[in-house]
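Notes follow once the structure below has been shown.
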Amino acid sequence: MGYKTGVCNFCGTGCGNLLRVEGDRILGVFSAPGHPVSRGRLCVRGWHIHELLNTEDRLAYPLARLAGGGFVRVDYRSALDQVVDGLSRYAGEEIAFLASPRSSNEDNYLLAKLSRAALGCNNIGLASDSGHRHCVDVFMQGGCWPAMTGSLADVETAALILVVGSDITRQNPIVGSRIHLAARGGSHLVTISSRSTQIARLSHRHHLVRPGTQGLLLYAMARILVEENLQDRDFIGRYTDGYEVFVRSLEALDMGAVQQATGIGLDDVRETARRIARAPSAMAFFPSGISGLDRETIARLYNLFLAAGKIGREGCGVNPVTGISNLVGSYDVGAAPDLLPGHFRADDPEAARRLSKTWGAEISAAPGRHPAEMLSARPCGLKALVIVDHDEEIVRFTQALRRLDLVVYLGAYANPITEFAHLIVPTTTFAEADGTYTSTERRIQLMGKKLEPSLEVLPLWRICASLAERLGRRWSYGSAAEVMDEIASVVPSYSAVSHAALEHRFGLQWPCDAQHPEGTPRFAPESPRDRLRFVPQAAPSAAPVSTDGYPFLLIPGRANYYWHQNNVMKKTHIPRREYNALLLLYPNGLVEICAEDAARIGVRDKWPVNIVSADGSMRVAARISADVPPGTAYVPYFVQEMIPGFLRAHGAPDFPGEDSVIPVRIEKV
Amino acid sequence: MYVITREGLRDLLESLQDEHALFGPVHHEVSGEVLFDRVDDPARIDIDAPIPFNPPKFAFFPQFGRILRYTYDRRTKDLRMEKEPLGEAKALVGIRSCDLAGLLCLDRFYLGQEFVDEFYLEHRKRTFIVSASCVRPFAQCFCVCTDSGPCPREGYDLNLTLLDDSYLVEPGSQKGAEVAARLNMPEADPGLVSERDRRIDRSISLFDELARENKAWISRVVNRITTGFVSEDVWEYIGSQCFECGACAFVCPTCSCFNIEDANTLAGSTDRVRTWDSCSFEGYTRMAGDHNPRKPVEDRRNKRFFCKLSFSQSKKYLRPGCVGCGRCARICPGDIGLPNVVACIRREITGRE
Amino acid sequence: MSGNGEVIVTVPEAAVVEEITEEIEDVRTFYFRFEDPDRERDFRIRSGQFVMCTVFGAGEFAVSLPFSPEDDRRHISVRRAGKVTGALHQLEPGDKIGIRGPFGNGFPFEEIRGRNVIYIAGGIGLIPLRSSIVHLLQHRSAYGRIILLYGSRSAKELMYRYMIDTWRETEGFETHFAIDRAEPGWTGDVGFVHTLIPKAKVPVDNSVAFVCGPPTMFNAVIRELTSNGMKDDVIISTLERHMKCGIGKCQHCAIGRTLVCTDGPVYTYRQIKTLGEHI
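Protein sequences appear in the order of chains A, B and C. For the first sequence, position 260 (counting from the first letter as 1) is numbered 260 according to our numbering, and the numbering increases by one without interruption. In our numbering, each residue carries its 1-based index in the second sequence increased by 669. In our numbering, each residue carries its 1-based index in the third sequence increased by 1022.
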């Protein structure tokens, strides 16, 4: 009984906590003093994780759907038999696995292994991943590794901090706090966003850019760096390739049009560009995963910081901040259709061969398809889908789901999405099983089991092993620690990691290998072979423009405290109450517009309005907000009705960042 | 008065453990920082450790606790209600004077006023308190500004003051005297009283040098806050840095706000639970029908510091609402713990930057 | 338990819903009796008090008691506004609810004997005042003029229309009604309720006013009354707040230096002005 060290499982920050275990329940949480990331702090979600862990709104036992409707309770053995019977009827190309970025490394490693090795299926992918995937791709292209290049420990020593497009004090509050405290301690803080946010208001400088032009601003800054000869020639010469091509690509920018397009005066742009270049150290943060940036903007940010020599040193780095606890780790262990564990490409025959050998099973060297892509395809070749712990984002695929032959749902908590399932198999919560989770700063942390489950439930990794056994594969993992041992043998950056090594410490940052047994705080080019590369960037595309017919630019926002439909938030008391504070005021959705625009349209707060674009319309309530400038409208997409309707028609949820700006008009009803 | 050695202290703890659940300061296994926690092994308790990261209030005021369980069957109209059996005997050891002052505030609030809160009473009775004087302050402390230390004056059963290798033991209650007598504690030389006083005076004198993180000269600010004359700009500035996490209330030894929810169980019954709550949250005062009298974040900050520092609240507790423990300053993501807020208001009063 | 020994403080007391009637849209009245016959016999309230009502399986909410302290059926009238009140509206006669209380102070009847009493209500603000109105009418001769000024957005949002006709049978009960906009069939006044104050020639001397309604209405009424010379210690209101414990411990209902559940919910305007926070 007492406070036991744990890791928060909500966002990707990976704060340390102390869970108060009393008997068979977790009856409290406290922040963990001395934790290198959270330093004794937590956000409103983290302070209430015990409420989630206490809920009995859980999946208590396996269920199988009856032909006539409704579900019947079955035991695990029968449920798993039925899962295997079901899946065995289909070829690998007809099955897909939608993995959860909240599952542990051990869970997702075995899920991917089940898919690839036992079912010959490479169609495994993560929910809500498009933002982070862009980051993974750009950073790998850039010769770096696919996650934060620096550490949060660098924040205090960064002379300049740039936050691009993230409402960071709401999405990752403790990272936001580190940045805010650094700014109070002397770092110069600059924010770029299309909407006023708390971090923008706490910055020394906020570039309130027109929607869709964040990337353009970064492009312009790089051009200024080169024009004014402020690039870090020494760094570029020693550690990078591709600079010449990069410089030539900058010529495609019409500097004269930048001010008009972004709404930011060129002098201000120059000032920030010069500051970035001249600062002895600089870090950039941007959201990844949820509310992530688009590929081009990430590329431009990366290249800018590379040109300024601000990657690979203390107090420096380009840092994606992930929105969910194990988004980073899930990629590391291969929960992607075209990536094997360790970020090897699935179409790399040598990598496939090596993995086949370790797994004792033939892995096809052909990349799979992402389940989301398969669900959107017409015709849909998908027959069977396995979904893990999904937050209802899938609501956009309602029709496609209904047409599948087999839907299997695995998770701990009750979830409306189970209405679509044929088989429901409960799992443990993250407090009821050992597991490791990799935070946004590459910190692999062990969340040890805190209590025996009160229900007869199994961890996901064990369920995968049981399913594999039924498929004729003899996997003998006695514990999650043994699964991690195998992960360490196939994922090079995890090679020195083990549960034993993670005990009694606050995690290890990968790469954690023979050369770096204590982990690696930041990317630092160590040898001439570690060349960073300027990433090819496309010529700037036309910024979205408003017209007389569509005078507003609408930005769909993905997270302002929230994830998707907030299934886990709804299981708590206080975070749910806070979430409701906004939602109950606007039950059918809302659009934020400024007071001036509202007056012009003739509406007041909570009055209904129609949002009309060239492709569709939706009715929501107006919310008057000082956070958006005239001509900008912001829609937080978490309200269910808005997704299948309007936003889906515009493909908005699929395209993060700039690509999801929609010109609209807003009319009084 | 008595004096005991470290072995004598161990004997005391083991004796208390015979009939009480034991709580005290322990070291976190990874960071080494100090936590206040329940222990099975008295040897883990380190009375001389720095001020614990968390306040001891969870022992009487659980963060999440069931108070009632009921089952109502709508078909049969059968209703059963069962109060939660509460209250085990507890021994809280190593409580510092700030935290003890906080407990006494909670006592006066929960057990006084119009009603006695029976749930708090059940948790609180049968508690044996062994407090510890602070012979030195820690970096975050400012109890001298809030009249809550460094030496406890009341509310303890036994108070310990470290004198080199031994502890002066002062009973503060009948229960405490009985325990000391039962354990045959050696009587203290009367001269040790002045030795204790000397050490406490020295502790106070060390604040300048050691308690460097926070200086909260609150008296002038108390007046301003009570009369409501702090300008809106100041509250807006403070509010702009609030992350609305609630932590200030959770770490505060005197914060007592709670929420009540009915949560349905898989067994078909319903648990009525009380949980910590905080006036930091927007939903804290929101009414059905959506009127929210304390919606802007700056109004909520205003309210918090009114609660901690105004005269009216002091009357309720018979002392200021802040005990100078410094935890809110450490834990606030926005860096607006009470000391910084006080400093901000003082700057407004004096017009200096 | 502590305090008034007859107060049900922490564990709800079971009560059976005997009858449910529809009032205006989204408002229902639930007539109840305690299961325990001793409790049923001994339960006493003062006008102005409230109870915490448990809807088993959903939660608990604060609700004012609209029945007179004597000779009146026990009931609550509740608007469906959220999760718990929504669950309440699903109940049927025979279902059980839980009651804790009564809590709070009451209207100061003893102090206002012999005075003129003016009730000014807006919308469902008439519900908390009903207890006092019925009580005064049961003791008509102890008071001077009794006036009710009542307004709502529309005629169909006026509470207790059927009851008011009965009340008007009591001699010397003056009533004036107003709705925001004219409607066919409406013969009362049109406009906001505070405009009835001059129309009704509300007396200022030796009078006390009970005001209950939404904040904008309250402010307008206060302005009208005080500009007529009424003193702020004879203008009385009942304040509403989000409540959880009802016994002055959870502090959700705090306004400045007061806790509405124990110091209130009935306050004079003089007190309201010095609370230290907006209502």
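For glycine and all other residues, C-beta sits at the position ideal for the given N, C-alpha and C. Model, not experiment: these values are computed from the prediction.
Quick check on this structure: which residue in the options has the alpha carbon closest to the alpha carbon of residue i?
i: L685(B); options: T674(B), G845(B), V966(B) and A932(B); result: G845(B)
i: L681(B); options: R735(B), G763(B), D742(B) and R1015(B); result: G763(B)
i: M956(B); options: I1042(C), R1263(C) and R1050(C); result: R1263(C)
i: P840(B); options: M670(B), I1014(B) and C1013(B); result: M670(B)
i: E1114(C); options: T745(B), C767(B) and V672(B); result: T745(B)
i: T923(B); options: E688(B), A758(B), T939(B) and S817(B); result: S817(B)
i: T191(A); options: R184(A), I174(A) and V209(A); result: V209(A)
i: Y1184(C); options: E1299(C), I1046(C) and H1111(C); result: I1046(C)
i: W475(A); options: V661(A), P367(A), T358(A) and A79(A); result: T358(A)
i: F722(B); options: V703(B), F730(B) and V695(B); result: V703(B)
i: I1169(C); options: R1190(C), E1179(C) and Y1182(C); result: R1190(C)
i: D84(A); options: V386(A), L584(A), M484(A) and R275(A); result: Checking the sequence, you will find Val at residue 84(A) rather than Asp. With distances taken between Cα atoms, V84(A) lies closest to V386(A).
i: R765(B); options: K964(B), D877(B), K726(B) and A885(B); result: K726(B)
i: T1260(C); options: P1206(C), I1142(C), N1228(C) and P1225(C); result: I1142(C)
i: S546(A); options: V568(A), V612(A), L126(A) and L583(A); result: V612(A)
Do you know how far the Cα of residue j is from the Cα of residue i?
i: Y741(B); j: V388(A); result: 34 Å
i: G86(A); j: E296(A); result: 41 Å
i: V1243(C); j: F1052(C); result: 30 Å
i: E1022(B); j: D776(B); result: A caution first: E1022(B) carries a pLDDT of 45, below 50, which makes its placement in the model too unreliable to give a value.
i: G131(A); j: S288(A); result: 5 Å
i: S1090(C); j: L1158(C); result: 9 Å
i: N1026(C); j: D1285(C); result: Its pLDDT being 43, under 50, N1026(C) is placed unreliably by the model, and the measurement read from it follows with that caveat. Going from the Cα of N1026(C) to the Cα of D1285(C) covers about 15 Å.
i: T796(B); j: Y109(A); result: 50 Å
i: A141(A); j: L189(A); result: The question names Ala, yet the displayed sequence has Gln at residue 141(A). About 28 Å.
i: F30(A); j: S909(B); result: 25 Å
Using a C-beta to C-beta distance shorter than 7 Å, which residues of chain B count as neighbours of residue i?
i: L585(A); result: D959
Which residues in chain B have a C-beta closer than 8 Å to the C-beta of residue i? List them in chain order.
i: A1036(C); result: L748 and M750
i: R233(A); result: Correct list: empty, because the minimum Cβ distance to chain B is about 39 Å.
i: L189(A); result: The contacting residues do not exist; L189(A) stays about 13 Å from chain B at best.
i: R505(A); result: V699
i: I168(A); result: Under the 8 Å cutoff, chain B gives no residues; its nearest Cβ is about 11 Å from I168(A).
i: I574(A); result: G915, N928, T944, D946, F950 and G952
Identify the contact partners of residue i in chain A, using a Cβ-Cβ distance below 8 Å as the criterion.
i: T934(B); result: E56
i: G1003(B); result: S177 and H180
Quick one: which chain A residues come within Cβ less than 7 Å of residue i?
i: R955(B); result: A581
i: R707(B); result: M1 and G2
Tell me whether residue i, by its Cβ, gets closer than 7 Å to a heavy atom of the ligand PLP.
i: T572(A); result: The ligand PLP is absent from the structure shown, which contains no ligand whatsoever.
Given residue i, which residues of its chain have a CB within under 7 Å of its CB, disregarding the five upstream and five downstream residues?
i: P540(A); result: L216, Y219, A252 and L253
i: E1179(C); result: I1046 and G1145
i: F523(A); result: C144, W145, T149, I311 and G312
i: K977(B); result: G990, C991 and L1007
i: E603(A); result: Here residue 603(A) turns out to be Val, not Glu, going by the sequence shown. So the qualifying residues of the chain are V609, A622 and K668.
By Cβ distance, which residues of its chain are closer than 6 Å to residue i, with the 5 residues on each side in sequence left out?
i: A738(A); result: Only positions 1 to 669 of chain A appear in this structure, which leaves residue 738(A) out of reach.
i: T830(B); result: S802, L837 and R865
So, for residue i: in the same chain, excluding its five sequence neighbours on each side, which residues have a beta-carbon less than 8 Å away from its beta-carbon?
i: I1258(C); result: F1129, P1130, V1230, A1231, F1232, V1233, V1288, Y1289, T1290 and Y1291
Query raised in the report: Counting Cβ pairs, one atom from each stretch, are 3 or more of them under 8 Å apart for the segment 204-217 of chain A and the segment 294-307 of chain A?
Result: Contact between the segment 204-217 of chain A and the segment 294-307 of chain A is present: 3 or more CB-CB pairs across the two stretches fall below 8 Å.
**Report entry** Meets three-Cβ-pair contact criterion under 8 Å: the segment 1099-1111 of chain C and the segment 1121-1140 of chain C
**Finding:** no
Query raised in the report: Below 8 Å, can you find three or more Cβ-Cβ pairs linking the segment 917-934 of chain B to the segment 1272-1290 of chain C?
Result: yes
Requested in this report: Would you check if the segment 396-409 of chain A and the segment 32-51 of chain A touch, i.e. whether three or more CB-CB distances between them fall below 8 Å?
Outcome: no
Requested in this report: Kindly confirm or deny that the segment 1074-1090 of chain C and the segment 982-989 of chain B touch, where touching means at least three C-beta pairs closer than 8 Å.
Outcome: With a cut-off of 8 Å, the segment 982-989 of chain B and the segment 1074-1090 of chain C do not count as touching, because too few Cβ pairs lie within range.
Query raised in the report: Can you find at least 3 beta carbon pairs, one from the segment 846-856 of chain B and one from the segment 909-920 of chain B, that sit closer than 8 Å?
Result: no
Requested in this report: Could you tell me whether the segment 3-22 of chain A touches the segment 436-444 of chain A, using the rule of 3 or more Cβ pairs below 8 Å?
Outcome: Yes: the two stretches touch, three or more of their Cβ pairs being nearer than 8 Å.
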